[in-house]
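A.B. asks: Throughout the sequence shown, residue numbering follows this note's numbering, covering 1411 to 1571 in sequence.
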Amino acid sequence: MRRAILLTSLLLLSSPAFAQPCAMPEGDYTPWASPTTIAAADDAGTAPPIALNAAKMVKLRPIALVHYTQTPAKIGAADNYGGLMSLHIATPGNYRLALSAGAWIDVLAPQGEQRSVAHSHGPECSGVRKMVDFNLAKGDYLVQIAASAAPSITVMALPVP
C-alpha cells in the first residue's frame, strides 16, 4: 500500500518534458527563417548585392564556371559549386557571414583579401552551419563562395553583437 501511494505521489509530482526551443546564435537571426532567393554571379562585374540583416537563399554555379577575382584557398572538387556576391559596409566594425552549409568563404576589398577574425558553428537545430567574422572598414566588398557540395546555400551578413 505504501509503495502504491509513493508511486502515485511521484507520478502526480512529475511533469512532462517539453522540447526546448532551438537557440539561435547571438544576434538578430529573425530573417534566417525566410530567405529571399538570388543567383550568385560567375564574375565580379555582375555580383548581386547581399544586404546586412537579410537572409538570401543563393543559387550557386558549377565551380568550373565561376571566374574568381582571387583564387579561393579551398576551391573544392570539380563537381562543387560556388559564386560571387557584393556587400556594402556603411559603418566600420566586425561583421559575420553565416552559412547554412559547409563552404569556403572569402571577403575581398579592392586592396585584397580580408582575413577572418573568428570562426564558429551555429547550434545544430538552427540551420546555421558555419559563421565567419571579419573586421571590415567602410566600403564595398566581394564575397566569394567556393567548395560547396550543395547547389544552393543560405547566406546572411550581420553585425557581430
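Here a beta-carbon is modelled for each residue, glycine too, at the ideal position from N, C-alpha and C. No experiment lies behind these values; they were computed from the predicted model shown.
1. Which term fits ALA1508, buried or exposed, when burial requires 16 or more other beta carbons within 10 angstroms of its beta carbon?
2. Looking at the strands, I want to know which residues DSSP matches up with GLN1554.
3. Taking buried to mean at least 16 other C-beta atoms within 10 Å of its own C-beta, is LEU1422 buried or exposed?
4. Hey, out of SER1562, THR1456, ILE1460, whose CA is closest to GLY1512's CA?
5. Is THR1446 helix, strand or coil when you go by DSSP?
6. Considering only residues of the same chain and omitting the five flanking positions on each side of GLY1537, which have a CB-CB separation below 6 Å?
7. Using a Cβ-Cβ distance cut-off of 8 Å, determine whether LEU1568 contacts chain C.
C.D. replies: Taking the definition as stated:
1. ALA1508 should be labelled buried.
2. The secondary-structure analysis by DSSP pairs GLN1554 across a beta bridge with LEU1494, ASP1516.
3. Confidence at LEU1422 is low in this model, with a pLDDT of 46, below 50, so its placement is unreliable and no value can be given for it.
4. Residue SER1562 is the option with its Cα nearest to GLY1512.
5. In the structure shown, THR1446 sits in a strand (DSSP, three-state: E or B).
6. In chain order, SER1510 place their CB closer than 6 Å to the CB of GLY1537, counting only its own chain and leaving out the 5 sequence neighbours on each side.
7. Among the chains of the structure shown, chain C does not appear; only one protein chain is present.
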